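To start, the structure under review is shown below, and the notes come after it.
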Amino acid sequence: MRRGPTLALLLLSAGCVTARRAAAASAPATAAASGDPGLPGPFGVERRAGLRLHAAGTTVAAALFLPRGAPPAPIVAVCHGLAATGADMAGWGRQLASWGFAAIVPTWPDSAAPATNARGLLDLLDWLAAQGAPGAPLVGRLATSARGLVGHSLGGEAALLAAEQDPRIAATVALDPVDGVLANPALRGAAGASGLVAILRAQPSLCNLGGSDQTRLYDALPGAKLLVSVRGGSHCDPGDPSNWLCDVVCGARSPARLRTFERYATAALLWGLRGDRRALAFIGARALSADGAVGAFASRLASAASLRARR
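Under this note's numbering, the first residue of the sequence shown carries the number 1, and numbering increases by one thereafter.
As structure tokens, this is what we get:
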């Protein structure tokens, strides 16, 4: 019996299987295996950089992140904070696009002007919606009636102000928002936000003005809302990639805590813009209670029926 070639073939096959398993074990984790919205989602990402767009009466640089192979994508504008740029939020553009959102990420000429930048966010959403109109370059790829906002720090205040001004905003995520720099404009306007608002907060510090306004902002919101404290969180954690100046002044970013911010931000947008019930497995009270990365939390989530009615 000639067993040599057969044995060699079996050994070679076993080696290939072992190599494939090792490669799979070392591959980056994605949501395809876990469904965790804190990980990259199931869609490929197309990035269009170098855009020059008109917003809030001036020209701003921006990058657009689009999902590949996704259903028509809700549109989201992502706002950086004080002394930062759109490059500091590019990771959010990729994260959201991987979950089926079209994300526009600008760099503001004046990062310390949240009221002006709020108007700019709405202008950018209008521009993006126009790209999905009949005959436009992105026709068929965008769900232009589903609009959302994400903002970090003073950009979180800009996002809240924009949500108050436009009832078409169905979901807003404020990442450790800073309010009070301009006599609490976001607190005064919070009662006008008609969509879901998620406030994801770090631990109180000088850089988020002690975090006291975040609780008052949450209390002022009349509709669907979510408040999550990230345990041990730094004001810089939501930056993606990190900003060295923020790390020096406000505390170094933790990749693990960034994933926590991304998990609950992405889940809130999936629920608020798509009515995706799977997101409730992450932002429901039971899941929040079980997550050791979460400190205090509060929520009042709208029903899927009311989300559809609002849109």
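Ideal Cβ placement from N, Cα and C applies to all residues, glycine included.
Remember, predicted model here, so these are calculated numbers, not experimental data.
Tell me which residues share the same chain as residue i and place their Cβ nearer than 6 Å to its Cβ, disregarding the 5 neighbours each side in the sequence.
i, result
"Val248", "none"
"Leu128", "Ile75, Ile104"
"Ser229", "Arg201, Gly295, Ala296"
Leaving aside the five residues before and after residue i along the sequence, list all residues of the same chain whose C-beta is less than 8 Å from its C-beta, in chain order.
i, result
"Thr59", "Arg52, Leu53"
"Pro71", "Gly100, Ala143"
"Pro137", "Gln131"
"Ser26", "Reliability fails at Ser26, whose pLDDT of 38 lies under 50, so the model's placement of it is uncertain and no value is given."
To the nearest angstrom, report how far apart residue i and residue j are at their CA atoms.
i, j, result
"Ala281", "Asp176", "23 Å"
"Ala56", "Gly239", "24 Å"
"Asp123", "Ile169", "13 Å"
"Thr215", "Asp237", "19 Å"
"Trp244", "Gly135", "43 Å"
"Ala159", "Val78", "8 Å"
"Gly272", "Ala61", "28 Å"
"Gly38", "Ala97", "13 Å"
"Arg48", "Pro67", "11 Å"
"Cys250", "Leu82", "12 Å"
"Ala118", "Leu161", "6 Å"
"Asp126", "Ser289", "38 Å"
DSSP three-state call for residue i: helix, strand or coil?
i, result
"Thr59", "strand"
"Thr172", "strand"
"Cys246", "helix"
"Ser299", "strand"
"Leu138", "coil"
"Gly44", "strand"
"Ser145", "strand"
"Ala133", "coil"
"Leu200", "strand"
"Gly292", "coil"
"Arg278", "helix"
Excluding the 5 residues flanking residue i on each side, which residues of the same chain have their C-beta closer than 7 Å to its C-beta?
i, result
"Arg94", "Val45, Phe65"
"Arg253", "Ser234, Cys236, Asp237, Gly239, Ser242, Asp247"
"Leu270", "Pro37, Trp99, Asp276, Ala279"
Please tell me whether, using a cut-off of 8 Å, the distance from the CB of residue i to the nearest non-hydrogen atom of the ligand NAD is below it.
i, result
"Ile169", "The ligand NAD is not among the ligands present in this structure, which contains no ligands whatsoever."
Take residue i as the anchor and find which of the options has the nearest alpha-carbon.
i, options, result
"Trp108", "Gly120, Gly275, Ser98, Gly295", "Gly120"
"Ala267", "Leu82, Val150, Leu154", "Val150"
"Thr85", "Lys225, Ser153, Ile199, Leu288", "Ser153"
"Gly211", "Glu157, Gly192, Thr116, Ala83", "Glu157"
"Phe261", "Gly195, Ala285, Leu227", "Leu227"
"Arg259", "Ala63, Ala87, Phe43, Gly91", "Gly91"
"Ala198", "Ala113, Cys207, Gly148", "Gly148"
"Pro114", "Gly155, Leu209, Gly50", "Gly155"
"Phe43", "Gly35, Thr172, Gly69, Gly50", "Gly69"
Item to check | Residue ranges of each alpha helix (DSSP H) within the stretch 63-111, 4 or longer | outcome: Runs of the alpha helix (DSSP H) lying entirely within the stretch 63-111, each at least 4 residues long, are 90-98 in chain order.
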